[in-house]
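Take a look at the structure below.
Residue numbers (UniProt numbering): 1 to 251.
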């Protein structure tokens, strides 16, 4: 378009005729139409550009960046990467239950000789130093290590847990298959790491009388049964084979 020129203004570009005198009336009308259409088109693009600039200023998040956005881990992902806390000793799997001539002989004696019933293995545990101290005078049986919790009736459980210091009087069969002369007291003993049942009152005296068979650090089993009078009784045996010292008769 040789006879027209584009003039830039502050608002929008405007097309003007370079030499209006050379244009005929028909050409002038035609040129004005072209100028109007061109100016309208230029204003449209100019207004669109201004609107986009205003939108970007009011909402900076809509502007795309060339860098990659850092991924924020979700709550589940963050928690899964946390350091795993090791299990407490009481939460670890129980050791395999020992079954041998000692355990089978004990059950036969309870059923056949004592006419006992409802014979149950309560716990298999290591006899710790704390279980044999005179000052503590108790055998600790952690709840999480029990083989069963059904050796007590619901009334007996409720009684033990109702008030601190509540107890049930029980009898204890020793590793030599003799019923100990003095009764024991069974108690509920909640502690920080785990709840426990304990034999108390005469436990240290019982252990002292049987310490040749119930040595420290040995594995013992505690069994429960009901006597002929339905009273709760227990038996304690060592499930490790005894070490027999051979003495030379000639020496």
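Just so you know, even glycine gets a beta-carbon here, dropped at the ideal spot from N, CA and C.
As assigned by DSSP and simplified to three states, the class of residue i
i	result
residue 197	strand
residue 229	coil
residue 46	helix
residue 166	coil
residue 147	coil
residue 118	strand
residue 138	coil
Between the CA atoms of residue j and residue i - distance to the nearest angstrom
i	j	result
residue 235	residue 213	13 Å
residue 240	residue 218	7 Å
residue 182	residue 176	16 Å
residue 41	residue 55	21 Å
residue 136	residue 205	12 Å
residue 210	residue 158	32 Å
residue 140	residue 172	15 Å
residue 227	residue 114	7 Å
residue 110	residue 103	11 Å
residue 108	residue 101	10 Å
residue 237	residue 216	13 Å
residue 233	residue 198	14 Å
residue 106	residue 130	26 Å
Cutoff 7 Å; reference residue i; Cβ partners in own chain excluding five residues on either side
i	result
residue 201	184, 185
residue 65	With a pLDDT of 47 at residue 65, under the threshold of 50, the modelled position of that residue is not reliable, and the figure given next carries that caveat. Answer for residue 65: no residue qualifies.
residue 145	90, 94, 123, 125
residue 179	171, 173
residue 156	168
residue 194	90, 142, 143, 144
Within-9 Å CB hit, residue i to chain D
i	result
residue 44	No chain D appears in this structure, which consists of one protein chain only.
Nonlocal neighbours in the same chain, by C-beta distance under 6 Å from residue i, ignoring five residues either side
i	result
residue 98	239
residue 224	120, 122, 151, 234
Inter-residue CB distance, residue i and residue j (contact presumed, cutoff 8 Å)
i	j	result
residue 196	residue 143	6 Å
residue 220	residue 127	5 Å
Could you tell me whether the segment 187-201 touches the segment 159-166, using the rule of 3 or more Cβ pairs below 8 Å?
yes
Below 8 Å, can you find three or more Cβ-Cβ pairs linking the segment 115-132 to the segment 146-158?
yes
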